[in-house]
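S.K.: Residue numbers (this note's numbering): 25 to 114.
Just so it is clear, CB atoms sit at the ideal spot from N, CA and C, and this is done for glycine as well.
Since we're looking at a predicted model, the values are computed, not measured.
#1: Shortest alpha-carbon distance to residue 68 belongs to which of 83, 79, 99, 54?
#2: DSSP has residue 38 in a bridge; who is on the other side?
#3: Straight-line CA distance for residue 108 to residue 32?
#4: Using the Cβ count rule (16 or more neighbours within 10 Å means buried), how would you classify residue 100?
#5: Evaluate residue 30 with the Cβ neighbour count: other Cβ atoms within 10 Å of its Cβ, from every protein chain shown; 16 or more gives buried, anything less gives exposed.
#6: Express the C-alpha separation of residue 81 and residue 89 in angstroms, rounding to a whole number.
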């Protein structure tokens with residue numbers, strides 16, 4: 025997974041912590057999965073630190089900065105286009 029995938033939950037930007045809680049609840053029921061998720065999460069936190077090292081705002085401000093635009097209509101349009109494409113192909 026990419027960093028961006030871990031900052032988006034459904035159709036909104038969230039903190040790594042919020043996404044981690046969701047992923048653990050959904051996929052972390054088995055010990056092996058939990059251990060892999062925790063390992064990957066440490067790597068993601070390291071990656072976030074590197075990304076934001078030279079950016080003039082912290083990761084916590086990402087939602088505020090990008091919130092200027094509501095992306096839900098773009099997501100809905102994409103889903104409709106996928107349905108239309110599937111209908112035309114099938």
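M.R.: By the coordinates alone:
#1: Residue 68 sits at position 44 when you count from the first residue of the chain shown. The shortest Cα separation from residue 68 among 83, 79, 99, 54 belongs to 83.
#2: Here residue 38 corresponds to residue number 14 of the chain shown, with the count starting at 1. DSSP lists no partner for residue 38.
#3: As a working mapping, residue 108 is identified with position 84 in the chain shown. As a working mapping, residue 32 is identified with position 8 in the chain shown. Distance between the alpha carbons of residue 108 and residue 32: 25 Å.
#4: On the chain shown, position 76 is the one that residue 100 refers to. Exposed: under 16 other Cβ atoms inside 10 Å.
#5: Your numbering for residue 30 matches position 6 in the chain shown. With 16 or more other Cβ atoms within 10 Å, it is buried.
#6: For the purposes of this step, residue 89 is taken as the residue at position 65 of the chain shown. For the purposes of this step, residue 81 is taken as the residue at position 57 of the chain shown. Going from the Cα of residue 89 to the Cα of residue 81 covers about 9 Å.
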